[in-house]
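*Asks:* Residue numbers (the working numbering): 28 to 122.
Backbone N, C-alpha and C fix where the C-beta goes; we use that ideal spot for every residue, glycine too.
1) Which stretch, first to last residue, makes up the alpha helix (DSSP H) that contains residue 104?
2) To the nearest angstrom, how far is the alpha carbon of residue 46 from that of residue 39?
3) Looking at the secondary structure, which residues open and close the alpha helix (DSSP H) in which residue 59 lies?
4) Could you spell out the range, first to last residue, of the alpha helix (DSSP H) harbouring residue 36?
5) Alpha carbon to alpha carbon, how far is residue 48 from residue 55? Give it in angstroms, no decimals.
6) Is it true that the CB of residue 89 sits closer than 8 Å to the CB of residue 80?
7) Spatial neighbours of residue 128 within its chain, please: C-beta separation below 6 Å, excluding the five flanking residues on both sides.
8) Cβ atoms of residue 108 and residue 69: under 8 Å apart, would you say?
9) Please state whether DSSP places residue 52 in a helix, a strand or coil.
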């Protein structure tokens with residue numbers, strides 16, 4: 028789901044719980060890599076949306092204060108959607 032939060036992604040019936048999802052992120056390196064990649068894609072999409080706002084100012088379709096407000100909203104959304112992962116994956120080497 029493009030641009031979706033973790034809560035939105037696990038909301039459909041039959042989807043895993045947030046706890047299960049983060050357990051996989053923590054314990055499965057391949058899933059963690061895919062999860063990080065999906066978050067990077069979402070961040071790139073939000074950055075592209077910010078560029079569209081800047082282009083609208085350049086074409087005089089949007090005032091600078093309005094553009095600043097839209098960009099601030101995009102940054103806030105990025106902050107809300109960025110998952111908070113506090114633990115590093117467990118070491119498989121036994122050290």
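*Replies:* Taking the geometry as given:
1) Residue 104 -> alpha helix (DSSP H) spans 91-108.
2) 15 Å
3) 56-85
4) 33-36
5) 10 Å
6) yes
7) A question about residue 128 goes unanswered here, because the residues of the chain that appear run from 28 up to 122.
8) yes
9) helix
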